[in-house]
Amino acid sequence: MSRLNTTLKLSLIIFFSFLLYAPPIFSTTINEWCNVTLYKSLCFESLSPYAWYINKNPTQRQVCKLALALSLKHTKYTHKLVTQNVNSLAKSSSKNTSEYLGECSTLVANSVDILNGSLSVLSNSGSPGSENYKMRINNVQHFVSTALTNAAECKDSLANTYIGNARNVLKKEVKYVSVLTSNALAICNKLAPNYD
């Protein structure tokens, strides 16, 4: 019995040592996907929790869908945050501040719709090489570029508001939306037939 316990302990030590010191299995794959982005470290940080998904579905289309879904998720959160601020500041702020926040809210809401549409178009893009595929991938690129522009315009609108700390929080969230959307666009651009 003592020998069995010793063997079991030794096996467990070897197993856990392997887990602790083995190189991350998925980091190379994620690094490859993120290598084309402007914000590589944030790309890696955002995709790492989904390494299991990337390993299960390592196609460019699936990683593009994942990047778009992450951007969409945070864009929805940011829209909720902006809308809450619009509603709470409507009575207490200047008319200009309310208008700028309202504009930002509209832009972010538009981005939510655009990113939802992009995921839908991507899901129905057909097989690579077909004319339908090329057109739909071009549409996805255009839509995601528009969502990225919306985030930039929202950030500009926030620069014109005077709502104290809330502005800094909103700007941070909108910047993160920009980063996620930029990374998604870079990853999805690799789907284009003429990508080098």
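In case it helps, mature numbering (1 follows the signal peptide of the UniProt record, and there is no 0) puts the sequence shown at residues -27 to -1, 1 to 169. We treat Cβ as the ideally placed atom computed from N, Cα and C, and that holds for glycine.
| Check | Outcome |
| --- | --- |
| Residues of its chain near residue 77, where Cβ-Cβ distance is below 7 Å and the 5 sequence neighbours each way are ignored | 55, 127, 130 and 131 |
| Beta-carbon separation (whole angstroms), residue 33 vs residue 164, contact threshold 8 Å | 6 Å |
| Exposure of residue 97, with buried meaning 16 or more beta-carbon neighbours within 10 Å | exposed |
| Alpha-carbon spacing of residue 10 relative to residue 149, whole angstroms | 14 Å |
| Top-ranked residue by Cα proximity to residue 154, from 141, 57, 115 and 100 | 115 |
| Which of helix, strand or coil DSSP assigns to residue 163 | coil |
| Beta-carbon contacts of residue 52 that lie in its chain and below 6 Å, excluding the five residues immediately before and after | 81, 82 and 85 |
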